[in-house]
Amino acid sequence: MLGYREAGTLFISSPARNLYNRRQVYISREVIILAKIKIVTDSTSDMPKELIEKYGIEIVPLSITVGGETYTDGVDISPVQFLGKMKQTPELPKSSQPSTGAFLEVYDRLGNEGYDVLSIHMTGKMSGTVRSAESAAQMTAAKVTVVDSKFISKALGFQVKEAAIMANEGKSMDEILARLKAIQENSRLYIMVDTLENLVKGGRIGKGRAFLGSLLNIKPIASLEGAEYNPVTKVRSHTQVVKFLAKQFAEDVAGKTIKGVGIAHAGAIDLAEKIKENIYELTGYEGVETDYTNSTVSTHTGPGAIALMYYFE
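Written out as structure tokens, the structure is:
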């Protein structure tokens with residue numbers, strides 16, 4: 168089976184002298200022209216702007232409320248601006264999933280443009296975003312496939328990037344979905360929370376535990392596996408955070424091909440650079456992407472948090 172680009176090339180380059188004969192050669196080869204596929208994701212994917220523009224990826228943003236004002240994540244408030252506002256308000260900011268209508272508008276438009284849609288989103292265990300997408304997919308006339316990535320941030324972005332590349336190459340929906348499943352199985356995400364304040368405000372831990380943790384300078388590290396957060400260890404300094412994450416990375420990728428590595432942080436620039444340097448010292452890998460994480464993730468983690476994400480094969 169050929170993709171639409173290869174199919175079009177075959178049709179145009181056929182040696183047949185007229186369109187009818189050219190069509191007969193085309194049909195005899197049993198070529199099936201695949202519909203164009205457009206990739207949709209949400210604002211928690213933490214993807215570089217140039218990559219989004221290069222592949223024409225559609226972003227449906229979440230909204231964030233902080234200090235009594237509501238903003239569109241990544242549109243009218245940047246991660247740096249959000250962190251500044253979060254530090255100034257005593258209340259925990261709130262994130263809201265995109266409405267079904269927001270997804271429906273995008274799906275309808277893309278369908279009218281002749282696209283099939285592959286909509287890939289943050290884990291449904293942390294947000295109702297993927298459920299809003301699924302509801303819209305049932306309402307639109309466009310052909311839409313919705314995928315729960317089981318991850319967040321750049322680990323979601325890994326899947327979106329590969330899907331966009333494959334769609335650009337004319338791969339089929341089934342081929343892309345099979346690749347996404349493989350990426351999910353071979354992705355790792357570790358996150359360190361620098362302060363327990365937002366976890367207390369969000370009701371995730373009690374004030375007593377947070378007070379004790381602050382006294383001991385405890386910095387919990389967890390992994391995201393099967394869309395579930397699992398506590399891994401507790402450390403008491405950024406130096407220990409760097410050593411643990413770099414060592415874990417080196418162990419996980421030993422003997423494997425590294426496909427992508429990303430560090431997303433909530434204002435922890437120096438810590439991100441140190442982890443990046445240690446990864447290079449242990450493995451020689453230089454392609455680590457570092458960036459601020461989105462406002463939605465920062466709401467839950469608080470300032471200073473950092474996540475290391477990677478996938479391999």
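Residue numbering for the sequence shown follows this note's numbering, beginning at 168 and increasing consecutively.
For each residue, glycine too, the CB sits at the ideal point set by N, CA and C.
Residue i burial status per 10 Å Cβ neighbour count (16 or more: buried)
i: S354; result: buried
i: P398; result: exposed
i: P265; result: buried
i: Q326; result: buried
i: D209; result: buried
i: E329; result: buried
i: K443; result: buried
i: G324; result: buried
i: G161; result: Past the boundaries of the shown model lies residue 161; the chain is included only from 168 to 480, so the question cannot be answered.
i: N279; result: exposed
i: K386; result: buried
i: T296; result: buried
i: E197; result: With a pLDDT of 39 at E197, under the threshold of 50, the modelled position of that residue is not reliable, and the figure given next carries that caveat. Classification of E197: exposed, given that the 10 Å Cβ count is below 16.
i: A345; result: exposed
i: A484; result: What is shown of the chain runs 168 to 480, which leaves residue 484 out entirely.
i: P260; result: buried
i: F436; result: Strictly speaking, residue 436 in this sequence is Ile, with Phe absent from that position. Answer is exposed; the Cβ neighbour count stays below 16.
i: P257; result: exposed
Residue closest to residue i, alpha-carbon to alpha-carbon, out of the options
i: H405; options: A431, V360 and E395; result: V360
i: G434; options: Q248, D341 and G234; result: Q248
i: S294; options: H467, L475, V207 and M476; result: H467
i: H432; options: I425, L475 and G454; result: L475
i: M289; options: D419, Q255 and S212; result: S212
i: N335; options: D283, Q351 and I473; result: D283
i: E392; options: K401, G429 and I350; result: I350
i: E440; options: I425, L449 and E456; result: E456
i: G223; options: G235, I204, G234 and Y459; result: I204
i: T424; options: N445, V402, G451 and I430; result: G451
i: L438; options: K401, E225, I358 and G454; result: I358
i: K430; options: Y459, E301, Q407 and V408; result: Rather than Lys, the amino acid found at residue 430 in this sequence is Ile. It is Y459 whose Cα lies nearest to the Cα of I430.
i: G454; options: Y478, P228 and A472; result: Y478
i: P215; options: A300, I446, K321 and P260; result: K321
i: I231; options: M340, E225 and I244; result: I244
i: G337; options: I206, I473, S299 and E480; result: I206
i: K252; options: S262, S263, V233 and T267; result: V233
i: E480; options: Y447, P470, A421 and I446; result: A421
i: Q255; options: E395, T267, S263 and G235; result: G235
i: I287; options: L277, S263, S339 and V227; result: V227
i: A417; options: S390, A389, R403 and L449; result: L449
Range of the contiguous beta strand (DSSP E) that encloses residue i
i: I343; result: Per DSSP, I343 belongs to no beta strand (DSSP E); it is in the alpha helix (DSSP H), M340 to E352.
i: I204; result: K203 to D209
i: E225; result: E225 to V227
i: E395; result: E395 to V402
i: V242; result: Neither: V242 is in no beta strand (DSSP E) and is coded neither H nor E.
i: I231; result: S230 to V233
i: S390; result: K386 to E392
Extent of the continuous alpha helix (DSSP H) run through residue i
i: A417; result: H405 to V420
i: V360; result: Per DSSP, V360 belongs to no alpha helix (DSSP H) and is neither H nor E.
i: P246; result: P246 to Q255
i: K423; result: No alpha helix (DSSP H) holds K423; DSSP gives it neither H nor E.
i: I219; result: K216 to Y222
Minimum Cβ-Cβ distance from residue i to chain B less than 8 Å
i: V409; result: Of the protein chains in this structure there is only one, and it is not chain B.
Check: residue i C-beta below 7 Å from any heavy atom of the ligand PLP
i: V399; result: With respect to the ligand PLP, the structure offers nothing, as it holds no ligand at all.
Contact between the region 308–326 and the region 233–244 (3+ Cβ pairs under 8 Å): no
Contained alpha helix (DSSP H) runs [length at least 4] in the region 258–329, N- to C-terminal order: 267–279 and 296–306
Unbroken stretches of the alpha helix (DSSP H), 4 residues or longer, contained in the region 430–472: 436–450 and 462–468
Cβ pair count under 8 Å reaching 3, the region 270–282 against the region 301–313: yes
At least 3 beta-carbon pairs within less than 8 Å: the region 457–467 vs the region 404–421: no
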